[in-house]
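Read the structure below first, then the notes.
In C-alpha cells:
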C-alpha cells in the first residue's frame, strides 16, 4: 500500500514531504495491482448507483483474475494537487501501476507511461474509434497509444426556446437579444466570468481558439499576449467588456468561477441563455421539471459568424507498471469499468457525461438522451487545453484578467498586459 | 543541613535537576513538525522550484519577481485592510457581547448560556462552510438573502461579491462574524476573573459606568486583550479557507489575501519557489507582530 504524506500549507509554514511505502504482497505468485483513482471513480463514489456499478465490475474482475489483488488508493479531490503529486511520484519512480489522469495533464505523463498498442489489438479496440481530441490526448509523439480516454464533456450555449426563438451565433447578436429579454424580466447572457477554471474553458478559450489563437507556442511557452495572439485575446476581453458595459450581462458573473455557479440562477427561473457544460442538463432536468422541455442547446456564440470552437474535458487512464501481467490486469480492469463499448455505456448511464468513443453513441447499451448526438457533433471539433506546464499559470492569470474587466477595475488592455507581464516575470 | 542536601543532589547526578529530559521530547517534536517545515519554506523561497519538476536552482529571483508583480502591493493592502478591520471589530464586538452576557448573568437573566453557545457556533463552523453560507447570503440576484431585503426597500441589488471594494468589505464582514465568538469567550473569561470588590469600590467612590469601564476594567483586562490581539491577528493573517470559498480571491485580486496567494501560487500555478517566497513574507509579518506584542506584554508585566 502506498502512502503519501500530503504537503500541507497553513500558518505561513509549508510542510512538503513525500514519504513512500512498499507494496504489500499477499501470497506467492499473486499480482499486486496498485490502482490510483479519484473518489468518484471508485467504489466509494458518493452516488450509490456509481458505487454499485464499480463494485460490481470489480467483483467480476476478481472472479476472472483470482490471482490479482487490487490495492486501491484515492487521489485528492483537488485535481491540481492530485496531478502534481502523481507527477512527483512518477518523477521519483514511485508511480502506481495504473492511475486516473485529468485529460489535459495527460501529455505531461507520457514519458512515464507504457505504450498500449499491443493491448489495444488484443482487446480488439481501434484508436480511430476515439473522438479526434481524445486521440490527440492519448497518442504520443511517437504515434503510440499511451492511455485509455474515458467519458468526456463539452461546453455549449443553453437557451430557453420560449424566450429565445433563434439562438445567437455571435456575441453581438447575444448582446442584442439579452437587452430585449431583460425587458421581460429575464437575466441577459450568463457565463462564468470569475476566478475558476470554468471561466477559462467555457468563456475565454473557445472565443480565443475560434479566432485561431494559440495559448502557448510549440515549446509550451506562453504566447497569448504577443503578436496576433494578443490581438485575438484582446478581442475576447473587449467582447466580454462590451457585453457587461452594455448591460447585456450582469456584473455578478465576475463572482462565478465555475459553470455550476450558474445553477442557482437557472433554478430560480430567471436565466434564459447561458454558456455552460453538458453535465448541467441533469441538474436542469431535476430542478426545472416540465419547463426543462423548453430548453435547447446550440454552439457557443462567437465573435464572428461561422467561427466554431468548444472545449472538451474528461479523464484518461495511464498504465505505469512495467510488468506485463500487471499491464494486462490494469488494462482489463479499466477497460471493463470505463472503456469497452459495454463498460463506457454502462458507466455513462449511471455517471453521466459523454462517450469519447464514436461506437458507444450507437451502442445498444448506451441510453443517452435527446442531446447526445448534438454533443457528439460538437465534440468532433472540440479543443483541449494545452499540456504545457505553464498552462495553470496562464489560466489563473487570465481568470484574474477577465474578472477585473467584468468588475470594471481594469480595461481589457490593462488586464491583458498585466496577465502577460506576470507569466513572463520569471 | 542545606550544604548536605545540595551535596546529595549533586551526587544523584546532573540529569535529575536538568530540564533536558523533560524538554527533549518536545524539542524533537518541535524540530520535526515546526522548525523543519519553516526551514524548508525558507530554503524553497530561494529557489525556482516548481511542483511539476524535481529540478530546481537556488536564486533570489522568487523574491525579486514577487515585489515586481503588479498585484504585490495590492495584496499587502488588501491583507492589511482585511486584518485591521477584522481584528478591530472582532475585539470590539467580542468585548461588547462579553459585557452584555456578564451583565445578563449578574441580573440572573435567562438565556445567557444560549446566547454564548449561539455566538460560539460561528467560531466552530469550518471556514469553507462559512464561505459557502455567506456566499448564499451575498447572492447578487433578488433571491439572495441580503439582496432580498435590499429589494424590499425598492433599491437595486447590491454587487456584494462582484464589485472589488464591496467584495473586500463582504469578506471582512464575514470574517468579523466568524471571529467575534473567540474574542468574546476570551474576554468573557477575563471579565469573570476581575475582582468584584475593586469594581464595587469604584462604584461606591462615585465612578460613572464609563469611568469604571475605561479606568478600572480595561486596564485590568489589558493582558488578556493583548493575548487576544496576538492570537486573532495571526489567525486573520493566516485565513484563506473562508476567502477561497467565498470569492476565490476575486474579482481580480481584490480579495486575495497573502495566505490565499500562497495557496494559489503553489497549488494552482505549481510555483513552489514563488509561493514559498510569499510565505516567508507572511512569516516575517507574523513573527514581527508576535515580537512586538510580546515586548509590550513583557513591559506591562515588569511594571
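Protein chains in written order, with full-length UniProt numbering: chain A, 1 to 426; chain B, 1 to 303. Every residue, glycine too, gets a C-beta built ideally from N, C-alpha and C.
Inset, instruction - For residue 275 of chain A, collect the residues of the same chain with a Cβ closer than 7 angstroms to its Cβ; drop the 5 residues on either side in sequence, then sort them by chain order. - result: 155, 157, 191, 202, 203, 300
Inset, instruction - Kindly indicate if chain A contains any beta-carbon less than 9 angstroms away from that of residue 163 of chain B. - result: yes
Inset, instruction - Could you name each continuous alpha helix (DSSP H) segment of 4 residues or more that falls completely within the region 339-404 of chain A, going from the start of the chain to the end? - result: 341-351, 358-362, 372-380
Legend entry - C-alpha gap between residue 142 of chain B and residue 282 of chain B, whole angstroms: 39 angstroms
Inset, instruction - Less than 8 angstroms between the CB atoms is what I'm expecting for residue 134 of chain B and residue 174 of chain B, so what's the real figure, rounded? - result: Right, their Cβ atoms sit about 4 angstroms apart.
Inset, instruction - Quick one: residues in its chain with C-beta nearer than 8 angstroms to the C-beta of residue 105 of chain B, no 5 flanking neighbours on either side, listed in chain order? - result: Contacts found: 112.
Inset, instruction - Spatial neighbours of residue 363 of chain A within its chain, please: CB distance less than 6 angstroms, with the 5 preceding and 5 following residues excluded, ordered by chain position. - result: 341, 345
Legend entry - Pair within 9 angstroms by beta-carbon distance, residue 394 of chain A and residue 194 of chain A: no
Legend entry - Chain-ordered neighbours of residue 276 of chain A on chain B, where CB pairs are closer than 8 angstroms: Under the 8 angstroms cutoff, chain B gives no residues; its nearest Cβ is about 17 angstroms from residue 276 of chain A.
Inset, instruction - Provide the residue span of the alpha helix (DSSP H) that contains residue 166 of chain B, from first to last. - result: 164-193
Inset, instruction - Would you tell me roughly how many angstroms separate the C-alpha atoms of residue 130 of chain A and residue 41 of chain A, rounded to the nearest one? - result: 20 angstroms
Inset, instruction - Whole angstroms is fine: what's the gap from residue 258 of chain A's alpha carbon to residue 247 of chain B's? - result: The alpha-carbon of residue 258 of chain A is positioned some 12 angstroms away from that of residue 247 of chain B.
Inset, instruction - Helix, strand or coil for residue 139 of chain A, going by three-state DSSP, please let me know. - result: strand
Inset, instruction - Measure from the C-beta of residue 174 of chain B to each C-beta in chain A and report whether the shortest distance is under 9 angstroms. - result: no
Legend entry - Test item: CB-CB of residue 99 of chain A and residue 36 of chain A under 9 angstroms: yes
Inset, instruction - List the residues that DSSP assigns as beta-bridge partners of residue 296 of chain A. - result: A:159
Legend entry - Per-residue DSSP class, three states only, for residue 186 of chain A: coil
Legend entry - is_contact[residue 69 of chain B, chain A] using C-beta, thresh 9 angstroms: yes
Legend entry - Best match in A:168, A:118, A:94, A:162 for proximity to residue 146 of chain A [C-alpha to C-alpha]: A:118
Legend entry - residue 358 of chain B classed as buried or exposed, judged by whether at least 16 other C-beta atoms fall within 10 angstroms: Any question about residue 358 of chain B goes unanswered here, given that chain B covers just 1 to 303.
Inset, instruction - Find the residues of chain A that neighbour residue 247 of chain B, judging by a C-beta separation of less than 7 angstroms, and give them in chain order. - result: 255
Inset, instruction - Could you please tell me which residues of the region 47-80 of chain B, in chain order, have their CB closer than 8 angstroms to any CB of chain A? - result: Hits within the stretch, in order: 48, 50, 51, 52, 53, 54, 61, 65, 68, 69, 70, 71.
Legend entry - Members of the region 127-144 of chain B near chain A, C-beta cut-off 7 angstroms: Those would be 139, 140, 141, 143, in chain order.
Inset, instruction - Could you check the C-alpha separation between residue 230 of chain A and residue 44 of chain A for me, to the nearest Å? - result: CA-CA distance, residue 230 of chain A to residue 44 of chain A, rounds to 45 angstroms.
Inset, instruction - Give the single residue among B:240, B:275, B:273, B:245 whose Cα lies nearest to the Cα of residue 78 of chain B. - result: B:240
Legend entry - residue 98 of chain A, enclosing beta strand (DSSP E) - first and last residue: 98-102
Inset, instruction - Please name the residue, chosen from B:196, B:85, B:22, B:216, that lies closest to residue 178 of chain B on a Cα-to-Cα basis. - result: B:85
Legend entry - Residue burial classification, residue 24 of chain B (beta-carbon count within 10 angstroms, cutoff 16): exposed
Inset, instruction - Return the residue from the list B:237, B:206, B:273 that minimises the CA-CA distance to residue 256 of chain B. - result: Selection B:237, B:206, B:273 evaluated against residue 256 of chain B yields B:237 as nearest (Cα-Cα).
Inset, instruction - Using a Cβ-Cβ cut-off of 9 angstroms, state whether residue 271 of chain B counts as contacting chain A. - result: yes
Legend entry - Selection from A:111, A:200, A:108 that minimises the alpha carbon distance to residue 254 of chain A: A:200
Inset, instruction - Give the straight-line distance between the Cα atoms of residue 182 of chain B and residue 131 of chain B, rounded to the nearest whole angstrom. - result: 18 angstroms
Inset, instruction - State the Cα-Cα distance for the pair residue 175 of chain A and residue 322 of chain A, rounded to the nearest angstrom. - result: 55 angstroms
Legend entry - residue 36 of chain A - DSSP class collapsed to helix/strand/coil: strand
Legend entry - As assigned by DSSP and simplified to three states, the class of residue 302 of chain A: strand
Legend entry - the region 352-371 of chain A / the region 60-67 of chain A touching (three or more Cβ pairs under 8 angstroms): no
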